[in-house]
Amino acid sequence: VTLAERQAFETFYAARVGLVRAVLFRMCGPQDLDDLTQDVFVKAWSARDAFTGDSERATWLYRIAMNHAIDTLRRRAREKLRASPTDVETLHSSTKNNQVMELAIARALELLSPEMRSVAVLHYYQDLELTEIASVLEIPLGTVKSRLHAARQKLESLLDLKKDADHERA
Amino acid sequence: MPTMKEHDPLKDLLKNHSARAPETPEWGATQTWNKILEQRSLPQHKRWSWLRLAIPALALPSLIALVVLRQPGNVDDAQIQITENSILAIYADADLAAFDDSLLGEEIEDLVP
Numbered sequence: 001v002t003l004a005e006r007q008a009f010e011t012f013y014a015a016r017v018g019l020v021r022a023v024l025f026r027m028c029g030p031q032d033l034d035d036l037t038q039d040v041f042v043k044a045w046s047a048r049d050a051f052t053g054d055s056e057r058a059t060w061l062y063r064i065a066m067n068h069a070i071d072t073l074r075r076r077a078r079e080k081l082r083a084s085p086t087d088v089e090t091l092h093s094s095t096k097n098n099q100v101m102e103l104a105i106a107r108a109l110e111l112l113s114p115e116m117r118s119v120a121v122l123h124y125y126q127d128l129e130l131t132e133i134a135s136v137l138e139i140p141l142g143t144v145k146s147r148l149h150a151a152r153q154k155l156e157s158l159l160d161l162k163k164d165a166d167h168e169r170a
Numbered sequence: 171m172p173t174m175k176e177h178d179p180l181k182d183l184l185k186n187h188s189a190r191a192p193e194t195p196e197w198g199a200t201q202t203w204n205k206i207l208e209q210r211s212l213p214q215h216k217r218w219s220w221l222r223l224a225i226p227a228l229a230l231p232s233l234i235a236l237v238v239l240r241q242p243g244n245v246d247d248a249q250i251q252i253t254e255n256s257i258l259a260i261y262a263d264a265d266l267a268a269f270d271d272s273l274l275g276e277e278i279e280d281l282v283p
């Protein structure tokens, strides 16, 4: 282990930690965020020789973070740590002040499947193009579109957005 | 669905009303680097990783074959524990830096009848 390698890691970490934490936070919430962040960087650094340069380095790191997040969500689901749907039903009918809306959005995201949530997070929060999302998740573009459409329908329904739009039009 | 260039009320709502990730991790680069070194310092056979998958018993032979195929250098070290509807594969991960267990999960799901 050389000093140069450590410095290279620290530079890599500093440049990407915000991106990794943002993705993991949207996917998995605040629970174990530090652990998950550390795991992703350990995995990424250990696997850096496998980075071929076929994709952008950010795409490659997104992919590692997303795979880790999806694994985590599946593990949590098996451990039955998922939120109850009734939480959202109660929340979105409440007044829409910021805190309530933040909670409602967080719960609504939790209710998406890991596959739908990963597409929604990369599109709505990370502003990735659909083709980039397909590359990160290694799925066809058509699958990205169908998952995003399904995610949008579910989020709009959970957050009562369709009713609001109808009400404004009336 | 709005295109990328169109105004998207759902996107606005999500971005403007979502809690932000805490910016400063409790463990920064130094601690993460130490964890990398800690893993490297372990003997290869001590670097265990694990994977537990819930699958029907019918898919088990295919899964075991897949695990063995994916770990040619570690077959002797691999420990596989089978229960009624799940499998716990424990393997030394020193040669598995690029091993993508979520991909394995996907493939196993495809095996499910």
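Protein sequence lines, in the order shown, are assigned to chains A and B. Using this note's numbering, read the first sequence as starting at 1 and increasing by one per residue. Using this note's numbering, read the second sequence as starting at 171 and increasing by one per residue. Using N, Cα and C, we set each Cβ at its ideal position, and we do this for glycine too.
{"query": "Using the beta-carbon of each residue, which ones in chain B are nearer than 8 Å to R6 (chain A)?", "result": "W203"}
{"query": "Does the contact criterion of 3 or more C-beta pairs under 8 Å hold for the segment 110-120 of chain A versus the segment 140-153 of chain A?", "result": "yes"}
{"query": "Determine which residues of the segment 98-109 of chain A have a Cβ less than 8 Å from any Cβ of chain B, and write them out in chain order.", "result": "N98, M101, E102, I105 and A106"}
{"query": "Counting only beta-carbon atoms, is D160 (chain A) nearer than 8 Å to chain B?", "result": "no"}
{"query": "Quick check on Q209 (chain B): does DSSP put it in helix, strand or coil?", "result": "helix"}
{"query": "Do the segment 58-66 of chain A and the segment 134-144 of chain A meet, that is, are 3 or more Cβ pairs less than 8 Å apart?", "result": "yes"}
{"query": "Going by the beta-carbon positions, is the gap between T2 (chain A) and V17 (chain A) smaller than 8 Å?", "result": "no"}
{"query": "Check whether the segment 60-76 of chain A touches the segment 22-32 of chain A, counting contact only when three or more Cβ pairs, one atom from each stretch, lie closer than 8 Å.", "result": "yes"}
{"query": "Measure how close the beta-carbons of V23 (chain A) and V121 (chain A) come, nearest whole angstrom, since I'm counting them as under 8 Å.", "result": "6 Å"}
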